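Counting from 13, one number per residue, gives the positions in the sequence shown under my numbering.
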Amino acid sequence: MQKIPTNSPATMQKVALPLDLLGPHVNQGASSQDRLYQALCHAIVGGIAKPGEALPPSRTLAKQTGFRRNAVTNAYERLTADGFAVARVGSGTFVAARVPAQMEGARKTGFIIEKPQRGTLALGCTHIDHKALRRFRTFAGRRMRAFGTEHLHYGDPRGSRELRAAIADHLLSARGLRCDPDQIMLTSGTQHGLRIVLSAILKAQDQIWCEDPGYPAARKAIEHCGGRPVAVPVDDFGLRVAKGRAAAPYARAAYVTPSHQFPLGVQMSMPRRLELLDWAKDTDAWIFEDDYDSEFRYDGAPLLSLAGIDHVRRVIYMGTFAKTLFPGLRIGYCALPETLIGPVTTARAALDRFPGTLLEGAVADMLNSGAFTANLRKVRGLYREARDVLAQTLSAASEGRLAVPVPSQGLHLVARFDASTEPAVASQAKASAGVEGWLLAETYIRARPMPGFVLGFAGHPIPHLITSAEKLAKASLTALRMSRKLNAEGTGRSRSVKTSRPRPAQSRPLR
13 MQKIPTNSPA TMQKVALPLD LLGPHVNQGA SSQDRLYQAL CHAIVGGIAK
63 PGEALPPSRT LAKQTGFRRN AVTNAYERLT ADGFAVARVG SGTFVAARVP
113 AQMEGARKTG FIIEKPQRGT LALGCTHIDH KALRRFRTFA GRRMRAFGTE
163 HLHYGDPRGS RELRAAIADH LLSARGLRCD PDQIMLTSGT QHGLRIVLSA
213 ILKAQDQIWC EDPGYPAARK AIEHCGGRPV AVPVDDFGLR VAKGRAAAPY
263 ARAAYVTPSH QFPLGVQMSM PRRLELLDWA KDTDAWIFED DYDSEFRYDG
313 APLLSLAGID HVRRVIYMGT FAKTLFPGLR IGYCALPETL IGPVTTARAA
363 LDRFPGTLLE GAVADMLNSG AFTANLRKVR GLYREARDVL AQTLSAASEG
413 RLAVPVPSQG LHLVARFDAS TEPAVASQAK ASAGVEGWLL AETYIRARPM
463 PGFVLGFAGH PIPHLITSAE KLAKASLTAL RMSRKLNAEG TGRSRSVKTS
513 RPRPAQSRPL R
């Protein structure tokens, strides 16, 4: 029989295609057409089926894989819809001319994500009383059952007025800070609040005073917002304002932790507070008051907040429920000067519109019902006991080599070596003990770091605190002995060199 000419070019159909139907790229629990589709994608992206190449007829591939023909047909249709293949009527299905490039194997990223510390002596851990947790569950459940339309649309960038009013009442009674609920803005934490306010008031390369030593995360936030942190030393009375004036007299703002300085734990004296407020007024600057653990004062009445003294004119007050309830809430707040309400609210709306609404009502119920205050009373006693146990164990087990001042407030303490101790001793001891916490040196910017540790005692069982403290103290004694031995050997070698090689009479004295 004579062949009839045709305009269609002859095509070579693949009779078989090596497919990996068992590899990690295939979800073994999926349907047959999904597994076949995943295997075909892997073959195309991996270069097994090359661009423009014909794929096997559906009957052939069904026979090869053992799948039904409609599974093959559906997989081919998905390849075509996703751009991996093209179908030509009367010719078959072909690999697309352009397909995603093959991955050259897994590569490690060029950065490291630092995992939060959770072990004993780690900072940022908390405890919530079981009664308070039960009340919170009740409040949250009640709010969910009464789910309202406020959750179905965007809300006030500052957060719900109900919770803002409850926070304003709490600040008045607990911190002597009188402000209107309109001045309160809810955030996901103090870092979030800091970034929002900075975006509203900061210009590129503006200088901001930061305590030295101080909170590293705050410095990073300032840098990420385009500001320039200026290290201002801290002494037993808090931030040295005169040093700040000398280093950067016209800085745009200052970030301070006046009630319980991080990490040293000192309280800013009233003369220093007034001096700092005078500077802010004289230079039209702002003060960020991070009052992160003001609720945990163990001796005497709580100190008046800096914003309370200032009546919220130049001070931006920042707090959070991360320590007083639990970090998973991700609810913090700022008390803003009236002149900043407009620009900061605008900045908030531009960054993330408004805070989450589901748990705001439950937190307001905790504050208004007294459950919040009852929880503070309970955990404050637990933390006081943990503080005392940790301080006593460190001091005794280190044979007095670690100075451990007992803080009157807060959720961490500082354990220090003598100032003459080699800086490497602390890092060697911490690594050898395998405990959490920070090196005190990690909190310094320019000042000469003190050798020691910043250790959390909140949220950790007492037996674990004792065990970890003993490990750290013993490792500290070992590191100290090694350091002295090395220094002694170095001194001995130096003396032997001097005696074997006398100095010439006309040589210059060593300096």
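C-beta: ideal position from N, C-alpha, C; glycine also. The model shown is predicted, which means the values in this text are computed figures rather than measured ones.
| query | result |
| --- | --- |
| Considering MET156, what are the terminal residues of the alpha helix (DSSP H) in which it resides? | 142-157 |
| Between the beta-carbon of PHE300 and the beta-carbon of LEU423, is there less than 7 Å? | no |
| My understanding is that ALA487 touches ALA441, with C-beta atoms under 8 Å, so please give their C-beta distance in whole angstroms. | 4 Å |
| Where do the N-terminal and C-terminal ends of the alpha helix (DSSP H) with ASP400 fall, by residue? | 383-409 |
| I'd like to know whether the C-beta atoms of PHE469 and ARG399 end up nearer to each other than 7 Å. | yes |
| Looking only at its chain, what residues have a beta carbon closer than 6 Å to the beta carbon of GLU289, apart from the 5 residues adjacent to it on each side? | In the sequence as displayed, the identity of residue 289 is Leu instead of Glu. Correct list, in chain order: ASP322. |
| Any idea if LYS335 is buried or exposed, counting beta-carbon neighbours within 10 angstroms, 16 or more meaning buried? | buried |
| Who are the Cβ neighbours of GLY238 in its own chain at under 6 Å, not counting the five residues just before and after it? | ALA216 |
| I need the DSSP call for GLN219, collapsed to helix, strand or coil. | strand |
| Using the Cα positions of LEU31 and ALA87, report the straight-line distance between them to the nearest angstrom. | 13 Å |
| Can you look up ILE457 in the DSSP assignment and give me helix, strand or coil? | coil |
| Three-state secondary structure (DSSP) at LEU462? | In the sequence as displayed, the identity of residue 462 is Met instead of Leu. Note: MET462 maps to coil in three-state DSSP. |
| Can you tell me which of the three DSSP states GLU301 falls into? | strand |
| Would you kindly report the start and end of the unbroken beta strand (DSSP E) that includes GLN108? | Checking the sequence shown, residue 108 turns out to be Ala, not Gln. From DSSP, ALA108 is part of no beta strand (DSSP E); its letter is neither H nor E. |
| On the premise that CYS137 lies in contact with HIS472, defined as a C-beta separation below 8 Å, what is that separation, rounded to the nearest angstrom? | 6 Å |
| Can you tell me which of ALA74, THR332 and PHE96 puts its alpha carbon nearest to the alpha carbon of GLY58? | PHE96 |
| Given this structure, state the Cα-to-Cα distance separating GLN219 from LEU183, to the nearest angstrom. | 29 Å |
| Got a sec: does the ligand NAP put a non-hydrogen atom nearer than 6 Å to the Cβ of LEU145? | Absence of the ligand NAP from the depicted structure is noted, as is the absence of any ligand whatsoever, leaving it without description. |
| Under DSSP, the beta strand (DSSP E) around MET280 begins and ends at which residues? | Premise fails: MET280 is in no beta strand (DSSP E) and is neither H nor E. |
| With a floor of 4 residues, list each alpha helix (DSSP H) that falls wholly inside the stretch 39-63, ordered by position along the chain. | 44-57 |
| Note down the Cα distance separating ALA319 from VAL401, rounded to an integer number of angstroms. | 34 Å |
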